[in-house]
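*Asks:* If you use our numbering, the sequence shown corresponds to residues 429 to 949, in order. Have a look at the structure that comes next, please.
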Amino acid sequence: MDGVILPFALSVVGAVIGFIIAKAIEKSREKKLLNTTKKEAATIIKEAKVDAESLKKDKILQAKERFIELKSEHEKVIFSREKKMSDVEKRIRDRESQVASEVDKNKRLNKSIEQKEADYTYKLDFLDKKEGDLDKMHKRHVDMLEQISGLSADEAKKELVTSLKDEAKTEAMAFIQNSIEEAKLTAEQDARKVVLSTIQRVGVEQAVENCVSVFNLESDDVKGRIIGREGRNIRAIEAATGVEIIVDDTPEAIILSCFDPVRREIARLSLHKLVTDGRIHPARIEEVVKKTEKQITQEIIEVGKRTVIDLGISGLHPELIKTIGRMKYRSSYGQNLLQHSREVANLCGIMAAEMGLNAKMAKRAGLLHDIGKVPDTESELPHALLGMQWAEKYGEKAEVCNAIGAHHDEIEMKSLISPIVQVCDAISGARPGARRQVLDSYIQRLKDLEDIAFGFTGVQKAYAIQAGRELRVMVESAKVNDEKAAELSFGISQKIQNDMTYPGQVKVTVIRETRAVNVAR
């Protein structure tokens, strides 16, 4: 038993001793750890104090810098305010000195004015006194003259005025009579000389416009191609150009009939292109007609440019040049308007040179005097006033504008160029055979026919054909149906019957065409 207990007791004692040793070691470790922790804490606190001190110094330094910066800004603001105040004070002082000088100046002026006023008052009193003395002296002289002549002052005055009137009237009548006779002789001789010299130096061809053009063909076989199947080609040409095409038994020729020379020329050139090309069908006809219209427009501009170059006129507005080109296709009483205007321009230039006036300005006014006869749109104004408005619009001089507006006495003439233009216009138009009144009235009647048709809603094109015996009207199919077309034809015919005077009868044909066009791509 003792043998068993002893080892157990030893083991227990060993365990206790080991526990005590372990506890001692653990306490030693804890003590070392505590010391280490305390040292680290002291180090951390020390470092924190150092960092705090450094941060404190930085903040203090930043605060000082900010304070210095704010102080500097504040000083700048104060300095700026002080400078502004000093500038204001300086301006005030300058203004005060200026006001003071003005006040002194006004005082001096007032003194001067008062002195002058006193002088004027003294002079007026002196003059009044002298005037009274003169009146007394004049009255004394008049009394003496009345006693000597035996007449009163009023009677003497009346006799003197009567004698002077009779003498002056006699001398004036004699002078006027001599002046008139001398002026008549001189003016008549000079006028004859100027007019004869002017007419002798100008020779311009006179071109009488017709209403028919002849289109020559190489053979009669081409006529069939121009007519087309069931006449579709010739109808397409007439609809596109507004020109009546007459195909008769005349060998190798087709007649183009229209009162408008521009339309006839477009139709003639279009036919020439179509016949030369060989492709004649409605689509091709419309294409060629559109291209020809553009070509004619360009040709009008070229004609205007050539005209002003030939006459030596420069600086004309492009629209005026275009208007001059359109004159080629217009006539005035059967006389070609462009040839007439060129002739008037040359006559004006020569006549102005003979009279010592500005020949270039006179020639310019002569060329432009009838531009009102070729308006883009219809106007109620006389062509002279309309032409004057155009000239003013495009920057022509006042003398030229007045000459244009006054050449038919619609307005008062204000320069010597105006009567020159009027005389030259009369010289050019009064020549035997130069003008034909019948043709002009006929063309005006055809234009009036077309204008009546355009006055109705839905009318797209209107052409007077058959020498004014037929009015062909093309309408928009979207706006005018079949029933409306019949009403439109009747309405136009009644309007023509009521408003116009014409020989025979006028047939009104309304054409309504519907097209469906698509493009394959």
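Glycine residues also receive a C-beta, built at the ideal position from the N, C-alpha and C atoms. For clarity, every value in this text was computed on a predicted model and none was experimentally measured.
Is the separation between the beta-carbon of I848 and that of A826 shorter than 9 Å?
*Replies:* Not in contact: I848 and A826 (Cβ atoms no closer than 9 Å).
*Asks:* Would you call the CB atoms of L739 and Y822 closer than 9 Å?
*Replies:* In this structure, Y822 does not lie closer than 9 Å to L739 by Cβ.
*Asks:* What do you get for R568, buried or exposed, if any count of 16 or more other CB atoms within 10 angstroms of its CB means buried?
*Replies:* The residue is exposed, with fewer than 16 neighbouring Cβ atoms inside 10 Å.
*Asks:* Look up T735 in the DSSP assignment and say whether it is helix, strand or coil.
*Replies:* Here T735 sits in helix by DSSP.
*Asks:* Looking only at its own chain, which residues have a Cβ that is under 6 Å from the Cβ of A773, when we skip the five neighbours before and after it?
*Replies:* Here the set comprises L739, K791, G794, L795.
*Asks:* Figure out for me which residue from Q933, F603, R770, A906 has the closest Cα to the Cα of D853.
*Replies:* When each option's Cα is compared against that of D853, the closest is R770.
*Asks:* Please classify E824 as buried or exposed, where buried requires at least 16 other C-beta atoms within 10 Å of its C-beta.
*Replies:* Burial call: buried.
*Asks:* How many whole angstroms separate the CB atoms of G670 and K889, which I take to be in contact at a CB cut-off of 8 Å?
*Replies:* Correct: roughly 7 Å between the Cβ atoms.
*Asks:* Using the Cα positions of V632 and P746, report the straight-line distance between them to the nearest angstrom.
*Replies:* Note that V632 scores 42 on pLDDT, short of 50, meaning its location in the model is unreliable; the coordinates nonetheless yield the value given after this. Roughly 25 Å between the two C-alpha positions.
*Asks:* To the nearest whole angstrom, what separates the beta carbons of V731 and L744, a pair I think is in contact under 8 Å?
*Replies:* Actually they do not touch by this definition, with Cβ atoms about 13 Å apart.
*Asks:* Report the three-state DSSP secondary structure of L785 (helix, strand or coil).
*Replies:* Coil.
*Asks:* Assess contact between the stretch 752 to 766 and the stretch 775 to 786, defined as three or more Cβ pairs (one per stretch) separated by less than 8 Å. Is contact present?
*Replies:* Too few Cβ pairs lie closer than 8 Å, so no.
*Asks:* Leaving out the 5 sequence neighbours to the left and right, which residues in its chain are closer than 8 Å to N661 when beta-carbon positions are compared?
*Replies:* Hits under 8 Å: R653, I654, I655, I708, H709, P710, I713.
*Asks:* Under three-state DSSP, which class holds M902?
*Replies:* Three-state DSSP puts M902 in a strand.
*Asks:* Using C-beta distances below 8 Å, list every residue in its chain close to M789, excluding the 5 sequence neighbours before and after it, in chain order.
*Replies:* Contacts found: A780, K825, E827, V828, I845.
*Asks:* Express the C-alpha separation of P803 and T725 in angstroms, rounding to a whole number.
*Replies:* Going by the C-alpha atoms only, they are around 15 Å apart.
*Asks:* Measure the C-alpha to C-alpha separation of L400 and C686 and round it to an integer number of angstroms.
*Replies:* The requested residue 400 is not part of the displayed model; the chain covers only 429 to 949.
*Asks:* Between which two residues does the beta strand (DSSP E) harbouring T937 extend?
*Replies:* Taken as a continuous stretch (DSSP letters only), the beta strand (DSSP E) holding T937 covers 935 to 940.
*Asks:* Hey, how far is the Cα of V903 from the Cα of A944?
*Replies:* Roughly 16 Å between the two C-alpha positions.
*Asks:* Within a Cβ cutoff of 6 Å, which residues of the same chain sit near K923, ignoring the five residues on either side of it in sequence?
*Replies:* For K923, where only same-chain residues beyond five positions count, the Cβ hits under 6 Å are I880.
*Asks:* Leaving out the 5 sequence neighbours to the left and right, which residues in its chain are closer than 7 Å to M816 when beta-carbon positions are compared?
*Replies:* Taken in chain order, the residues that qualify are C829, I832, G833.
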